[in-house]
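So the structure is just underneath, and the comments pick up after that.
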């Protein structure tokens, strides 16, 4: 891992030289601080408690191209399957880290749906106020991302506005010849009583190894409503380290759905700061993995202010040699009375060789709170299977139907019908069945 | 239709069935009665193909075929139905979608085309009227939050939709109040024909006032110790099982 770390450190000098005028901005001072943090910390090892179950050595012992080249031959029909809709969504699309304008549909009317690099030029005030103020700057991967942060999605919804179409953020990688390393950086700022709905996807298109170290910062002002969906269904050689941090003000609601259906290693760091009363955080996750895939969901909810609510429900189905990790921390600060925090993690293991490590962590420093947590690991219910088969539903379909049923409570809050259909199809394909019903 | 010969079955090394002989012909209704633990539910599970039981001896023929090696779904496709004593709850799957899947998988298993949605809906409405079920039922998740009576009614509803050749009703009367019992029995009686048959498993004779059997068998310690006509049920009601148990041990 040290070799790749050294390569990144020297790449920073090259990167800095490319920036020209960009070097004199306050944001660049953050990059400089961040590279120092990364130089000091490097990549985490399994000795780090937060990475105990996820060994990154097999990933970072390889070499990766850090400066990728643009790829302009892709057309919409080549990648149609990764999108929800051809026309009914805003789109911010990147190929190898470069903005693909011909696949995108951005806007600056009423609100901004554009690239991070464009925002670095035209929205410096917002960048300087929010970028780097929400994420965990001391974290290894966040620091590494910040050091090179230049491109990604930027969404800014001013007070009282509602983005009426879903926003699709898609990162495509053409890793046909080389291993690739990319670092998208997203910023979502939603004003008072404003709202938006986002679907994010990382997709590698080639056979070589790819790693994406993605950082997303979300700010929800008073009364804001944000729904953010992450669809993770990448190839067997693709890994993703996603760090998403959310800061919430009074009476805001932020819901993050994480669907992990594929990828070599998928690590989701999801952290919420509930800073003012009345804020609600919803965290829903569904992981369905097989082969040698690994998903590691690390969540933290910081109940800083009183009268806030958090609901967390993660469901996992693991087959073959797949592994799951769930580490859910709820931190209730001393003054956060009347906190309501619910956490649950349920898992199904379909093979003896599949495994799950699940660890709820509650740190409660207030005395008038309601906190619950629970986790289960089990197999499919034999009685239920027999019941379905008795009604003529074949074994495999019966299994799939029960797995659908198992995930259903984590799916029920999906607001976009196209997304629901797409997920149903993805789940069905993942379970290799064709079922002619919808949920 | 169903021929069971010298059937022995065990679970985890415990013998539950110890030589059952039973023949059911089209148009017949057989009642199987017996005290708790006599093997009634095991018998129905073994006929339906539950894999937890080991069949150590004997044979089961259904519709002229040896079904011992067939999966539960294959037996179902042949027209075998088991109404469960404890129907399973399946959250997130509506009664309608479940039935649609069950009916069309069964048709596929028999090499038939899927049933047109319109026909299916029409039939659902008809059956629901007979069983005095509310329309809202169709969009509810299977058995989730159903009362005991609703679960049993749902079983009979599915039976009527699947039109089996042989239906085994395992303690369908348990958990039913007298009105529900009447409605459920009425549903069963409407389905009775010269072509199909029923095995009614029950602890009490009460159900047999409504679904009148042609034959009554008494199961005890994994064996049928007495068979007779419907009057046997009445005799059991007044005398209990003890006189038969004694007779059997003599």
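Chains as they are written, first to last, in our numbering: chain A, 781 to 1219; chain B, 37 to 286.
Note that beta-carbon positions come from the ideal geometry of N, C-alpha and C, so glycine has one too.
What did DSSP end up calling residue 278/B once you bin it into helix, strand or coil? The residue you call residue 278/B lines up with position 242 of the second chain. Correct three-state label for residue 278/B: helix.
To the nearest angstrom, how far is the alpha carbon of residue 1105/A from that of residue 833/A? As a position in the first chain, residue 1105/A is number 325, starting the count at 1. As a position in the first chain, residue 833/A is number 53, starting the count at 1. Whole-angstrom Cα-Cα distance: 7 Å.
I'd like to know whether the C-beta of residue 1219/A is nearer than 8 Å to at least one C-beta of chain B. For this step, residue 1219/A is matched to residue 439 along the first chain. Any answer about residue 1219/A is weak, because its pLDDT of 41 lies below 50 and its placement is not dependable; what the coordinates show is given next. With 8 Å as the cut-off, residue 1219/A counts as an interface residue toward chain B.
Where do the ends of the beta strand (DSSP E) carrying residue 1098/A lie? The residue labelled residue 1098/A in the question sits at position 318 within the first chain. Per DSSP, residue 1098/A belongs to the beta strand (DSSP E) from 1089 to 1098.
Does the CB of residue 126/B have a neighbour CB from chain A at under 8 Å? As a working note, residue 126/B is residue 90 in the second chain. Taking CB atoms only, residue 126/B has a neighbour in chain A less than 8 Å away.
Verify whether the separation of the beta carbon atoms of residue 56/B and residue 259/B is less than 8 Å. Position 20 of the second chain, counted from the start, is the residue given in the question as residue 56/B. Position 223 of the second chain, counted from the start, is the residue given in the question as residue 259/B. Yes, they are a contact pair.
Do the segment 1023 to 1036 of chain A and the segment 999 to 1013 of chain A make contact, defined as three or more Cβ pairs closer than 8 Å? yes
Tell me, please, whether the CB atom of residue 109/B is closer than 8 Å to any CB atom in chain A? Mapped onto the second chain, residue 109/B falls at position 73. Taking Cβ atoms only, chain A reaches closer than 8 Å to residue 109/B, which makes this a yes.
Whole runs of the alpha helix (DSSP H) within the segment 1131 to 1177 of chain A, excluding any shorter than 4 residues: 1162 to 1170
Where does residue 896/A land, buried or exposed, given buried means 16+ other C-beta within 10 angstroms? Here the question's residue 896/A lines up with position 116 in the first chain. The residue is buried, with at least 16 neighbouring Cβ atoms inside 10 Å.
I'd like to know whether the C-beta of residue 145/B is nearer than 8 Å to at least one C-beta of chain A. As a first step, residue 145/B is located in the second chain; it is residue number 109 there, counting from the start. Yes, because at least one Cβ of chain A sits closer than 8 Å to the Cβ of residue 145/B.
Rounded straight-line distance, which links the Cα of residue 850/A to that of residue 106/B: For the purposes of this step, residue 106/B is identified with residue 70 of the second chain, where counting begins at 1. For the purposes of this step, residue 850/A is identified with residue 70 of the first chain, where counting begins at 1. Roughly 58 Å between the two C-alpha positions.
Using beta carbons (cut-off 8 Å, strictly below), is residue 47/B in contact with chain A? Taking the first residue of the second chain as position 1, residue 47/B is located at position 11. Not an interface residue.
Looking at the structure shown, is residue 1055/A part of a helix, part of a strand, or coil, going by DSSP? Your numbering for residue 1055/A matches position 275 in the first chain. Correct three-state label for residue 1055/A: coil.
Would you identify the three-state DSSP class for residue 811/A, choosing helix, strand or coil? Position 31 of the first chain, counting from 1, holds the residue named residue 811/A. Correct three-state label for residue 811/A: helix.
Helix, strand or coil for residue 42/B, going by three-state DSSP, please let me know. Numbered from its first residue, the second chain carries residue 42/B at position 6. In this structure, residue 42/B counts as strand in the three-state DSSP scheme.
Entirely within the segment 928 to 986 of chain A and at least 3 residues each: give me those beta strand (DSSP E) ranges in chain order. The qualifying runs are 933 to 937, 947 to 953, 960 to 962, 965 to 970 and 975 to 984.
The beta strand (DSSP E) that contains residue 206/B, what's its start and end? Taking the second chain and counting its residues from 1, one reaches residue 206/B at position 170. That run of the beta strand (DSSP E) goes 202 to 206.
Assign residue 175/B to buried or exposed, taking buried as 16 or more other Cβ atoms, counted over all protein chains shown, within 10 Å of its Cβ. Walking along the second chain from the start, residue 175/B turns up at place 139. The residue in question, residue 175/B, is exposed, as its Cβ has fewer than 16 Cβ neighbours within 10 Å.
So, for residue 919/A: in the same chain, excluding its five sequence neighbours on each side, which residues have a beta-carbon less than 8 Å away from its beta-carbon? Numbered from its first residue, the first chain carries residue 919/A at position 139. 1023 and 1049.
According to the Cβ coordinates, are residue 111/B and residue 120/B closer than 8 Å? The residue given as residue 111/B occupies position 75 in the second chain. The residue given as residue 120/B occupies position 84 in the second chain. Not in contact: residue 111/B and residue 120/B (Cβ atoms no closer than 8 Å).
Rounded C-alpha distance that separates residue 242/B from residue 1211/A: Locating residue 242/B in the second chain gives position 206, counting from the first residue. Locating residue 1211/A in the first chain gives position 431, counting from the first residue. Computed Cα separation, rounded: 46 Å.
Cross-chain neighbours of residue 1188/A in chain B, by beta carbon under 7 Å: For the purposes of this step, residue 1188/A is identified with residue 408 of the first chain, where counting begins at 1. Near residue 1188/A (Cβ distances below 7 Å), the residues of chain B are 127 and 128.
Pick helix, strand or coil for residue 1038/A, following the three-state DSSP scheme. Looking up residue 1038/A in the first chain gives position 258. Strand.
Residues sharing a beta bridge with residue 93/B, DSSP: If you number the second chain from 1, residue 93/B lands on position 57. Partner(s): 44/B.
When burial is assigned at 16 or more other CB atoms within 10 Å of the CB, is residue 1218/A buried or exposed? Your numbering for residue 1218/A matches position 438 in the first chain. Since pLDDT at residue 1218/A reaches only 48, below the 50 mark, its modelled position is unreliable, and no value is offered.
Select from the segment 1168 to 1183 of chain A all residues with a C-beta closer than 9 Å to any C-beta belonging to chain B, and list them in chain order. Result list: 1168, 1169, 1170, 1171, 1172, 1173, 1174, 1175, 1177, 1178, 1181 and 1182.
Going by the DSSP bridge assignment, what does residue 1065/A pair with across the sheet? Numbered from its first residue, the first chain carries residue 1065/A at position 285. Beta-bridge pairing links residue 1065/A to 1038/A and 1094/A.
Taking the Cβ atom as the reference point for each residue, do residue 974/A and residue 946/A lie within a distance shorter than 8 Å? As a first step, residue 974/A must be located in the first chain, where it is residue number 194. As a first step, residue 946/A must be located in the first chain, where it is residue number 166. It is not a contact, given that the beta carbons lie outside the stated cut-off.
Please list the terminal residues of the continuous alpha helix (DSSP H) segment that includes residue 906/A. Start at 1 with the first residue of the first chain, and residue 906/A comes out as number 126. Residues 904 to 910.
Under the three-state reduction of DSSP, which class applies to residue 921/A: helix, strand or coil? Taking the first residue of the first chain as position 1, residue 921/A is located at position 141. Three-state result, residue 921/A: helix.
Of all Cβ atoms in chain B, is any one closer than 8 Å to the Cβ of residue 1166/A? For the purposes of this step, residue 1166/A is taken as residue 386 along the first chain, with counting starting at 1. At least one chain B Cβ lies under 8 Å of residue 1166/A.
Below 7 Å between beta carbons is the criterion; list the residues of the segment 1121 to 1151 of chain A that meet it against any residue of chain B, in chain order. When CB distances to chain B are screened at a threshold of 7 Å, not a single residue of the segment 1121 to 1151 of chain A falls below it.
From 859/A, 891/A, 1139/A and 1184/A, residue whose alpha carbon lies closest to that of residue 882/A: The residue labelled residue 882/A in the question sits at position 102 within the first chain. Nearest C-alpha to residue 882/A: 859/A.
Along chain B, in chain order, which residues have C-beta atoms closer than 7 Å to that of residue 1185/A? Mapped onto the first chain, residue 1185/A falls at position 405. Going along chain B in sequence order, the residues near residue 1185/A (Cβ under 7 Å) are 126, 127, 128 and 129.
Extent of the continuous alpha helix (DSSP H) run through residue 69/B: Looking up residue 69/B in the second chain gives position 33. Run containing residue 69/B: none in the alpha helix (DSSP H); it sits in the beta strand (DSSP E), 65 to 69.
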